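Each remark here refers to the structure printed beneath this line.
Residue numbers (my numbering), protein chains in the order written: chain W, 121 to 362; chain H, 2 to 210; chain D, 2 to 466.
Right under this line is the structure:
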C-alpha cells in the first residue's frame, strides 16, 4: 500500500522522531510511505480559537495536498478529529464539500490505521519497559479509538502495560487553553501527573504529542520518574534499540 | 408601544426565521415493558425499598388487616384519610379522620395520612397520585410526617411511559409522583431521607391481578 | 432593553477568578468530592438503561421541534393555562418580570413569599428587587437556604451549595437560625431546615416557583424536586406565581415520559427524584386559589436567533455537564461569574447577556467533550464554544497580540516553504526562548527540546526509497 504521511505541523517541528517511527513501522510491515513536501497543517489551532477564515484556507490546502492520495496516515488523534468532525461543516461550497467527502474515508489516525485498515495488532516491536496510556480526549470521544491502542501495546514484546486511573479525564492541554487559562490547565495537569505516577510506569504514551508535551513537560519540571513517548515510537522499537 | 406579549412573540418569529421542515420524533426508547407480572412486582418492591420506603404485600381483601399491621408497626393511632377512601378497607382500632376541608395547621398536627394511588411505575419505584377522592388533596400527603399508600398490582406499570400514559383521563388534575420519602442530597451529595415532605413512606401493594 | 443574568456583567474574567479560587484548597476538595460522588451515581443509573441513547435522541428532537414552532406552543400554553384558571404574563426582561411579581404580591398586601429553587429568579435578581420594596423572600430549597443564610453565591445549578461541606453548613445554621444546639450529621442539618421552614410554609400566603417543563397541549407546569419544599410552595399558599424561560415549553404531555427519565438520572443520579408536581391552572379545593405564570424572555430570543447555537436552549438544567467538566472540577462554579456555571454557563451566559460582557467564558474549556457526552439533550457544547469564540474574534474582541499571532501563523501555514523558514527560526530562537520561557506554559512545565532537524528536512536528507 502507498501510504501518505501527514506529519502535522507540530510533530514536524517539535517531534520529528514520531514521524520517523511511523515510517519505520509502516516500512517494516512492507508498505511504501510517501511524504508530500507541500503539506503544512490541519487548521485546528485556528479553528478552535475562533479564526475560521484562516482555518478554511488551511483546510483547502490540506484537501488539495491529499485529495489524490491512496490513504493518509496521521500520528495525531486531535488532527484527525479536526478533519473528521469539522471539515464537512467548514466546506461550504459544493465542489469543496464533495472533495472533503471523498477524502475523509481515506484519512486514518496511526493506531486505527494499523488495527482497522491493516488489521494488525502485533507490529513486531520490542520495548522492555512499563508503560501506561494516556488516551487523549479526541481519541476517546471523537475517534472513539476504544481499546485499539491497548491491543497494540499489549502485543509488544517485553512491554508491561499498566492501566491509568481516571483515564477519561482531560490532561488540561486543550491547545490555546493551556496559555489562556494557564493556572486551571496546570491544576488539571497535576491531577493527571499524579495518576501517571501512581501507576509506577516508566513511560506514559499516547496518540497525541500535544498532550504528551504538556504531561511530559510537567513531569520533567517535577523531575518525575516517568517520561512521555508517542505510541509510534514504542511500536517502532526493536530489540537492541535500547 | 406594543405589549410584552406581542413583542416577545414577534421576537420569537423573527428569531426562528425560515422554518426548517418539521422532523419527526423518533421514539425508539422502550415504551412497553417486557417483564412477567411476578418480576414486575418484584422490581417495584425492590425499587421502593431501595429508596427507603417500607413495603407490605397482601392479597385483595386483606387490605384492612395490612393497614392495621402497618399502623401498629409505626405506633400510629390517629390517621387522616381522604373524603372518598372506602370505609370497608379501614380496620377497627385506629381513629380515622376524614379530610373535609381541614385547616393546614390541623393537618400538621396529625400523625399521618392513608391514601390510595392512581398508578405506579415499577422501574422507578414511583407512586402516582392524581388527588382524586380516594387520594385526597395534595396537602394531605404532604404536610403530615407519615404517608401510608395502598396501591394495586392492576395499577402497576413497568416503564415510565406506560405509567404516565395510565393518567390519560386525569392529566389536568394535579399530579404528584412520589419515589420514596422526601430526601435531599444537598449536603456533600449524601442522600438524606426526609426533609419537608413525609419522612416515612409505607406502601401496601395489593395483588388483584 | 437591558438583559441581566444575575450579577455576571460585573464579574471578573474567568482566568482571574479561577486563579483566586484555585488557592482555596478546602473549596476544591469539596467540589472534587461532590462531583466524584454524583458522577459515579449518574454512571451507575445510566448504565442500567439500554435505551439511554434513544432517549437522548428523542429529547433532542422534541426540543428542536419546540423551538421550531415556539411561538405556536407559547400561545397554545397560554390558551390552555388560562382556560384552566391561570393568568399568564409576559416579561421581556428581568426588570419587567420583577415588576409583575411585585405587583401581584402587593395587590394581596403581602410582605413575604416562599420560594422553591428557580434559576430564572436568580437570573432576574428577584430577591434583591423584593427586598428593595420590603417583601421578604424565603428560599426553601436546602442548598438555596444555605446560600441565602450564608450570604453566599450559588456555585452549581442543581446543588448550589456544593462548595460547602457539612461542618461549614452547620456553622452557617448555628450562626443564623438561633439554635441552642445542632448535631453534626447531614440528617441533623436537614432536620434543622425542616423546623426552620415549617412555620413559614404554613404561614406565608404567596408561593413562587420556576418550572422544569411547561406543557403546551394541556397548559400544565411540572416541577421536579426532592425535598418536598417544592410541593409546599406550589400547594399551600393562596397565591402561586410561577416564572420560567420561554424555552421551557414542551409540546405534549407524552413528552414528559422522555424528560422525566433523563433529568433525574442526569442531575442527581436517581432513577426518579422523590417528587414531581404537575398542575394545570387552579383546582378548586386543592392548592392555590390564584395562579400566575410569567413567561420570561430576558435574552432567550437572541439565543434563538443564532441558528448555530440555538440548541443551547435545549438545556434542562440537569448540571451533568458541570459534574463531568474537568475545568469546573478544579474551580467550582464561582469562577464563571454567573449563576449559570460550568460548560453550559460558558455558552449560556455570554449569549443571554451579550458577548461583550463575558468574552473569557467561551475559552474556559479545554474542549475535551465530556460535557457533550453526558448531556441528556445532546447539546454539542464544544461546537458552540468554538462558534462563540469565532464570534468574539469576528467582533474584534480578541487581544491584539493573539490576532497578530494567528495572522502570522495563518500566513505561515498556508505555504510549506514559509513553514520551513519559520521552523528554522524556531530552531535558532531556541536559546532565547529557553531563557525567557513561554508565558503561562513555563510556570509549571518544561518546554520540549527543539530538534535541530525537522521531519521534512530528515525526509529530504534520507532521499527517496
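Even glycine gets a Cβ: it sits at the ideal position worked out from N, Cα and C.
Please read all numbers here as calculations on a predicted model, not as lab measurements.
Terminal residues of the alpha helix (DSSP H) in which residue i lies
i, result
"residue 292 of chain D", "It is not in any alpha helix (DSSP H) - residue 292 of chain D instead sits in the beta strand (DSSP E) that spans 291-297."
"residue 303 of chain D", "301-306"
"residue 373 of chain D", "371-375"
"residue 228 of chain W", "Unbroken run through residue 228 of chain W is the beta strand (DSSP E), 227-229; no alpha helix (DSSP H)."
"residue 245 of chain W", "Careful: residue 245 of chain W lies outside any alpha helix (DSSP H) and carries neither H nor E."
"residue 105 of chain D", "95-108"
"residue 290 of chain W", "Where residue 290 of chain W is concerned, there is no enclosing alpha helix (DSSP H), given that its DSSP letter is neither H nor E."
"residue 208 of chain D", "Careful: residue 208 of chain D lies outside any alpha helix (DSSP H), inside the beta strand (DSSP E) at 207-210."
"residue 63 of chain D", "53-69"
Residue i classed as buried or exposed, judged by whether at least 16 other C-beta atoms fall within 10 angstroms
i, result
"residue 429 of chain D", "exposed"
"residue 285 of chain D", "exposed"
"residue 181 of chain W", "buried"
"residue 318 of chain W", "exposed"
"residue 100 of chain H", "buried"
"residue 12 of chain H", "buried"
"residue 134 of chain D", "exposed"
"residue 176 of chain D", "exposed"
"residue 412 of chain D", "exposed"
"residue 156 of chain H", "buried"
"residue 405 of chain D", "exposed"
"residue 180 of chain D", "exposed"
"residue 32 of chain D", "buried"
"residue 30 of chain D", "exposed"
Residues that residue i bridges to, as DSSP identifies them
i, result
"residue 177 of chain H", "H/130 and D/278"
"residue 261 of chain W", "According to DSSP, which records beta bridges pairwise, residue 261 of chain W is partnered with nothing at all."
"residue 137 of chain D", "D/113"
"residue 118 of chain H", "Paired residue(s): none; residue 118 of chain H is not in a bridge."
"residue 79 of chain H", "H/96"
"residue 203 of chain W", "DSSP lists no partner for residue 203 of chain W."
"residue 151 of chain H", "H/117 and H/205"
"residue 284 of chain D", "D/287"
"residue 216 of chain D", "D/221 and D/251"
Integer-rounded CB distance, given that residue j should sit under 8 Å from residue i
i, j, result
"residue 34 of chain H", "residue 160 of chain H", "5 Å"
"residue 145 of chain H", "residue 122 of chain H", "That belief does not hold up - the Cβ atoms of residue 145 of chain H and residue 122 of chain H are roughly 24 Å apart, past 8 Å."
"residue 364 of chain D", "residue 300 of chain W", "5 Å"
"residue 366 of chain D", "residue 349 of chain D", "About 13 Å separates the two Cβ atoms, so there is no contact after all."
"residue 190 of chain W", "residue 124 of chain W", "7 Å"
"residue 210 of chain D", "residue 183 of chain H", "At roughly 16 Å, the Cβ-Cβ gap does not stay under 8 Å, so residue 210 of chain D and residue 183 of chain H are not in contact."
"residue 216 of chain D", "residue 253 of chain D", "7 Å"
"residue 127 of chain H", "residue 96 of chain H", "That belief does not hold up - the Cβ atoms of residue 127 of chain H and residue 96 of chain H are roughly 30 Å apart, past 8 Å."
Beta carbon proximity, residue i to chain A, threshold 8 Å
i, result
"residue 220 of chain W", "As a matter of chain content, chain A is missing from the structure shown, whose protein chains are W, H and D."
Own chain partners of residue i with C-beta closer than 6 Å, once the 5 adjacent residues on each side are dropped
i, result
"residue 267 of chain D", "319, 321 and 377"
"residue 158 of chain W", "185"
"residue 59 of chain D", "259"
"residue 341 of chain D", "349 and 350"
"residue 141 of chain W", "352, 353 and 356"
"residue 370 of chain D", "383"
"residue 310 of chain D", "385 and 388"
"residue 86 of chain H", "135"
Extent of the continuous beta strand (DSSP E) run through residue i
i, result
"residue 221 of chain D", "221-226"
"residue 206 of chain H", "201-208"
"residue 244 of chain D", "240-246"
"residue 125 of chain D", "Unbroken run through residue 125 of chain D: none, as it is neither H nor E."
"residue 147 of chain D", "Residue 147 of chain D -> not in any beta strand (DSSP E); alpha helix (DSSP H) instead, spanning 143-150."
"residue 154 of chain W", "152-154"
"residue 325 of chain W", "323-326"
"residue 87 of chain D", "87-92"
Contact set for residue i: own chain, Cβ-Cβ below 7 Å, skip 5 residues either direction
i, result
"residue 354 of chain D", "4, 6, 9, 10 and 300"
"residue 427 of chain D", "451"
"residue 286 of chain W", "315"
8 Å CB neighbourhood of residue i in its chain, flanking five on each side removed
i, result
"residue 236 of chain W", "228 and 268"
"residue 136 of chain H", "83, 116, 117, 118, 119, 130 and 142"
"residue 196 of chain H", "183, 184 and 185"
"residue 302 of chain D", "247"
heavy atom of the ligand COA below 7 Å from residue i C-beta
i, result
"residue 122 of chain D", "Only the bare structure without any ligand can be found here, which leaves the ligand COA out of the picture."
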